[in-house]
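Colleague: Supplied in structure tokens, the structure appears directly below.
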Amino acid sequence: MSGRPLAHHRPSLEALRAAPLLVASDLDRTLIYSAAALELAVPDAEAPRLLCVETYERKPLSYLTETAAGLLAELAGRATFVPTTTRTRAQYGRIHLPGAAPEFAICANGGQLLVRGEPDPDWRRTVDERIAAHCAPLAEVRAHLVRTADPAWLRKERVAEDLFAYLVVERPLLPDTWVKDLTGWAAERGWTVSLQGRKIYAVPQPLTKSAAVAEVARRTGATEILAAGDSLLDADLLLAADRGWRPGHGELAAAGWSAPHVTALDARGVAAGEDIVRAFLGAASLVRAVGGDGLG
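According to this note's numbering, the sequence shown is numbered sequentially starting from 22.
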């Protein structure tokens, strides 16, 4: 861990009013959903109205329910809401969530801390130092991924923000043992592997969402943290929170992952996203009702 102090940051009046509650949430398959991930379980005539919050190559890509959108806008007025994603800054920039633009956002799985939309260079230097001290180089891991992946199921390989690597694969053709073998190989070199849909991520172990969220909590003076996420890369975030929620789908649900303070929802797909925002808002109302003294 770097001994260099981070640059002083003066929170806005909005952030100060929102303290002591900080709400950190994963985005994809937690709050927002592609058409393939919606998992609408009702007849078409009963399906909820959806709001598109992301387009890609001029086509709609990600959605939440209109009800969730209204609740999320209300939540942003009651707490410091921090989108917390593995997406790169460019990928995050395509998303337009309802409500005011967040004061803080976390991208690249904690590698980039955005303050009013701008990356914090001191935070990035701190992250780079932690990775260099504890992990094998990115180039070594990327070379192993490319060398061992089979062109029969590999569709793309990418590096994100010069921090981690991921593959896009044809999931039905992916051998069951390949990810397990990669996980063991990566762990010996200080890296974590996560399989999310068609993507296989290889991420340095010190690169965590929870570390970046802790920095935001320090800057805002937040004393309570709520969190939500669906994947292995969200586990550290959920464990670090005072309360958390995970949907009934995703990597954590498939593994039966649980923690005493994390609620495992039954809902799946976009309905789970709505339930998560509703739970956030309920907790925020409780904090305000007790004067910010905690969640009990």
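Heads up, the beta-carbon is just placed ideally off N, CA and C, and yes, glycines get one too.
Quick caveat, the model's predicted, so the values are computed rather than measured.
(1) Compare the Cα-Cα distances from TRP199 to each of ALA170, TYR113, SER279, PRO281 and report the closest residue.
(2) If contact is defined by three or more beta carbon pairs under 8 Å, each pair taking one atom from either stretch, is the stretch 284–297 in contact with the stretch 259–274?
(3) What span of residues does the alpha helix (DSSP H) with SER231 cover, start to end?
(4) Using three-state DSSP, classify TRP212 as helix, strand or coil.
(5) What is the DSSP secondary structure of VAL63, counted as helix, strand or coil?
(6) Helix or strand or just coil, what does DSSP make of GLU191?
(7) So what does LEU85 bridge to, in DSSP terms?
(8) Quick one: using the 10 Å Cβ neighbour count with 16 as the cut-off for buried, is ARG38 buried or exposed?
(9) First and last residue of the beta strand (DSSP E) that includes ARG99?
(10) On the DSSP bridge assignment, give the partners of TRP278 in chain order.
(11) Are THR105 and ALA243 closer than 8 Å when you measure CB to CB?
(12) Pick helix, strand or coil for PRO142, following the three-state DSSP scheme.
(13) In whole angstroms, give me the CA-to-CA distance for LEU302 and ALA232.
(14) With DSSP collapsed to three states, give me the class of SER46.
(15) Can you give, in chain order, each stretch of the beta strand (DSSP E) that sits fully within the stretch 245–301 and has at least 3 residues?
(16) DSSP three-state label for GLU150, please.
(17) Take the Cβ of ASP202 as the centre, count every other Cβ of all protein chains shown within 10 Å, and call the residue buried at 16 or more, exposed below.
(18) Can you tell me the Cβ-Cβ gap for ILE53 and LEU92, rounded? I've got them flagged as a contact below 8 Å.
(19) What residue does the beta strand (DSSP E) around GLU178 start on, and which one ends it?
(20) Taking the C-alpha atoms as reference points, what is the distance between GLY294 and ARG50?
(21) Taking the alpha helix (DSSP H) that LEU159 falls in, what are its first and last residues?
(22) GLN325 lies in the beta strand (DSSP E); which residues open and close that run?
(23) What residue does the beta strand (DSSP E) around ILE127 start on, and which one ends it?
(24) Could you spell out the range, first to last residue, of the beta strand (DSSP E) harbouring LEU135?
(25) Check whether the stretch 125–143 and the stretch 161–178 are in contact - that is, three or more C-beta pairs closer than 8 Å.
Modeller: From the atom records:
(1) ALA170
(2) yes
(3) 230–241
(4) strand
(5) coil
(6) coil
(7) LEU72
(8) For ARG38, the pLDDT reaches just 49, beneath the cut-off of 50, and the residue's location in the model is therefore unreliable, although a value from the coordinates is still provided. Burial call: exposed.
(9) No beta strand (DSSP E) contains ARG99, which DSSP labels as neither H nor E.
(10) Partner(s): none; TRP278 has no beta bridge.
(11) no
(12) helix
(13) 24 Å
(14) strand
(15) 245–249, 264–267, 283–285
(16) helix
(17) exposed
(18) Actually they do not touch by this definition, with Cβ atoms about 14 Å apart.
(19) 175–181
(20) 8 Å
(21) 159–169
(22) This structure leaves residue 325 out entirely; the chain is present only between 22 and 317.
(23) 125–128
(24) 133–136
(25) no
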